[in-house]
Structure formats: C-alpha cells, structure tokens
Amino acid sequence: MLEKIRVYLKEKRLIEKLQLQEPFTVEFLDQGEYNQNFVISDGKRRYVFRLNYGSQLHLENQIRYEYQALKWLERTNRTPKVYYVDDTREFFPQGLLIMEFLVGGPLDYRSDLEEAALIFGEIHQQPLDEEANNFFVKEQATILAARVDECQQLLAPVLTSEFVPLQAQRQLADALERCDKNVGQQRFFIELDQWSVNNTEVNSHNFIIGKKGFLIDWEKPVISHPVQDISQFLASTTTLWRSNLILTRSEKQDFLASYLQATGFARETFEEALRIYHPYLMLRALAWSAMAYDSYQSDTKELKNQEIFEKVTSYLEEDFLRQALRERVFE
257 MLEKIRVYLK EKRLIEKLQL QEPFTVEFLD QGEYNQNFVI SDGKRRYVFR LNYGSQLHLE
317 NQIRYEYQAL KWLERTNRTP KVYYVDDTRE FFPQGLLIME FLVGGPLDYR SDLEEAALIF
377 GEIHQQPLDE EANNFFVKEQ ATILAARVDE CQQLLAPVLT SEFVPLQAQR QLADALERCD
437 KNVGQQRFFI ELDQWSVNNT EVNSHNFIIG KKGFLIDWEK PVISHPVQDI SQFLASTTTL
497 WRSNLILTRS EKQDFLASYL QATGFARETF EEALRIYHPY LMLRALAWSA MAYDSYQSDT
557 KELKNQEIFE KVTSYLEEDF LRQALRERVF E
C-alpha cells in the first residue's frame with residue numbers, strides 16, 4: 257500500500273502540487289472502522305493521505321461529503337485544511353483525500369476540557385449559510401427520530417445475532433422501545449430552533465491538542481442541535497473509549513460552564529436539551545458497539561482494530577450495559 261500511494265502521487269503529479277521535495281516518505285498513521293490514514297512527509301511538509309472504506313451516513317459518495325465538510329469548516333480555524341479529493345475509485349478502490357497534518361496529541365480529559373469547550377464553541381457558533389444547508393445532512397426536524405431510525409438499522413443484525421448475548425439483545429431492544437415512545441420530545445428542539453454543524457464523533461483521539469486545539473475526523477457531520485456533540489463528549493462510552501476514564505460531575509459542570517460562556521447558550525435550556533437527548537445518544541453508542549461486535553464475530557468487517565473489538569466487548573457486559581442505558585449527564 258505504501259508503494260502504491262507513492263506511485264499514485266507521482267502519476268497524479270501531486271508531488272509538485274503539494275510542493276513536496278524528494279526524497280519523501282509514506283508511512284502508516286492509523287486506522288479506524290471506516291478509514292485508513294497515512295502520512296506523507298519530506299521533512300518539512302507533512303500531509304495526511306486518507307482512504308475511505310464505508311459510510312456511516314449511507315452516502316453514495318462518502319469521501320466527497322467529507323471533503324466538502326472540511327472545506328466549509330476551514331473558516332472555523334479549528335479543523336484541518338483539505339487539499340485534494342479523488343472520488344473516481346479508478347486507481348484505488350476507495351475514495352481518498354489529502355489534508356493537513358496537525359502537530360499535537362490527543363485530548364487529555366484532565367487538562368484539556370477548557371480547550372475542548374472553546375473548540376466546540378467556535379464550531380457550533382459558525383452561522384449556517386446557503387452552502388451548508390445545501391450539502392450537510394440535516395436533522396432539524398428529526399433529531400430524536402433520526403437516532404431511533406439509526407438504532408433500528410444498527411440493531412437489525414444484533415437482535416437476531418448468534419454472537420451478541422441474549423441479555424444484551426433484550427436490554428437494547430427495551431431501550432429502543434423507550435426511546436421510540438418518547439420521540440415526541442423532539443418538539444423541544446424544533447421550537448428552540450438552535451442549529452449548528454456537529455461532528456458526531458467526539459472522542460479524545462479525534463482532537464489534536466498542540467499550541468492550538470483542533471477537532472478532526474469529519475466523516476459524518478450533520479446539522480443538528482449542538483447538544484448532539486456535547487452529550488456524546490460527556491458520555492461514559494466516549495470517555496472510556498480511548499482514555500479509560502469517566503468524568504466527575506464537577507469536571508462535567510466546569511466544562512459545560514466554559515462551553516456556555518463560549519457560545520452564549522442559556523444554561524437552563526441546554527441542560528434540558530441534555531436531559532432529553534442523552535438517552536438517545538447512549539442507545540446509539542451501545543447499538544453501534546453491538547453491531548460492531550457482531551460484525552467482528554461474524555467476520556464481515558473489512559477493517560479490523562483489536563482495541564476497538566475489546567472495547568465494544570466490554571460495553572456489552574450486563575452490568576455496564578444496564579447502567580449506561582440509564583445514564584444521565586449530571587447524575
């Protein structure tokens with residue numbers, strides 16, 4: 257793959273376009289469930305070369321969507337710049353893009369919460385223009401119904417799986433029924449009419465913290481109420497994902513105070529938004545985990561990550577699942 261990327265860069269004359277000097281290197285960086293990332297470097301300039309293997313939003317052209325999103329988000333100065341996209345799938349069977357390599361490390365929940373609040377604030381305060389409304393997936397009228405629909409799709413293979421424990425299937429099915437019954441609560445968000453672009457995947461390793469903080473991995477952004485990002489950011493399933501910790505009530509309150517100061521949103525209204533939305537976020541996180549567990553066990557996953565498999569396995573343990581499905585942000 258490394259040599260194939262090198263040949264591609266030469267054939268497409270991207271070495272000149274990216275102002276790379278020979279000799280340059282191509283190295284594997286990381287991979288998630290739907291993307292592989294490589295670093296191109298000549299010692300002075302570095303870029304991320306990203307291959308896409310699937311779409312969580314069920315889009316026909318996932319990589320083009322991600323490219324457009326990153327282009328629009330450049331105005332926030334809190335996301336990576338993007339330089340190139342190829343959605344032809346002629347050279348690689350995957351869509352690909354090339355974007356800025358950001359220097360820094362993942363977010364530390366103990367020391368970087370205030371910076372995270374500022375990052376969210378600057379992104380969520382970005383006004384939605386005609387361009388954004390024309391291409392971003394929208395959830396204004398369906399913020400809760402969209403989670404129920406998504407969870408129904410995620411749980412379809414889970415509820416008939418020979419691998420997912422029966423107790424987990426029952427707990428998830430019961431939670432789905434509860435959420436479906438309460439979907440009318442989305443009127444709160446519709447009447448509030450407070451929308452922004454949300455990343456929807458805000459775990460600690462999707463932040464780069466250096467001299468300045470950035471939010472990366474924009475494969476599935478949507479226009480929704482900003483509670484979608486904040487609820488996920490504070491959820492135990494998120495903080496445990498790569499950092500193996502749960503935020504204290506005090507840490508959550510301090511973070512929210514910084515975020516509300518950055519955005520100007522009213523505390524009472526936002527806390528009500530969190531109360532309503534969080535059960536749907538938790539169901540989505542756990543339904544995805546169960547789906548991922550089933551796909552690993554049934555060997556239907558194209559990209560595999562052992563760390564992710566171990567984590568989703570732990571999320572399906574009976575006691576954890578029961579507590580997580582009843583979680584509230586400020587318990």
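For the sequence shown, the numbering used here gives the first residue as 257, with consecutive numbering after it. Every residue, glycine too, gets a C-beta built ideally from N, C-alpha and C. Bear in mind that the values here come from a model prediction, so they are computed numbers and not experimental data.
One Cα belongs to residue 308, the other to residue 292, and the distance between them is close to 7 angstroms. Membership of residue 471 in the beta strand (DSSP E) is indicated by the continuous run 469–471. With fewer than three CB-CB distances shorter than 8 angstroms, the stretch 367–383 does not count as touching the stretch 401–419. Selection 407, 460, 476, 276 evaluated against residue 296 yields 276 as nearest (Cα-Cα). Under the 10 Å beta carbon count, residue 462 is surrounded by 16 or more other beta carbons and is classified as buried. DSSP, read as helix, strand or coil, puts residue 457 in coil.
In the three-state DSSP reduction, residue 361 falls in the strand class (E or B).
C-alpha of residue 294 to C-alpha of residue 284: approximately 4 angstroms in a straight line. Judged by DSSP in its simplified three-state form, residue 560 adopts coil rather than helix or strand. Residue 335 sits away from residue 489, with the two beta carbons spaced by 8 angstroms or more. For the options 524, 535, 518, 523, the alpha carbon positioned closest to that of residue 378 is the one of 518.
Taking 3 residues as the minimum length, the stretch 515–572 contains no beta strand (DSSP E) run wholly inside it. Sixteen is the threshold: since fewer than 16 other Cβ atoms of the shown chains lie within 10 Å of the Cβ of residue 349, the residue is exposed. Residue burial annotation: residue 269 is exposed, with fewer than 16 other C-beta atoms found within 10 angstroms of its C-beta. When the alpha-carbon of residue 477 is set against those of 286, 355, 389, 446, the nearest one is in 389. Linking residue 385 to residue 424 through their CA atoms gives a straight-line distance of about 43 angstroms.
Contact between residue 464 and residue 360 is confirmed by a C-beta separation of about 4 angstroms, below the 8 angstroms threshold. Secondary structure at residue 286: strand, using DSSP grouped into helix, strand and coil.
Cβ contact annotation for residue 363 (same chain, cutoff 7 angstroms, sequence separation greater than five): 372, 460, 463, 465, in chain order. Closest by C-alpha distance to residue 306, out of 290, 333, 314, 440, is 290.
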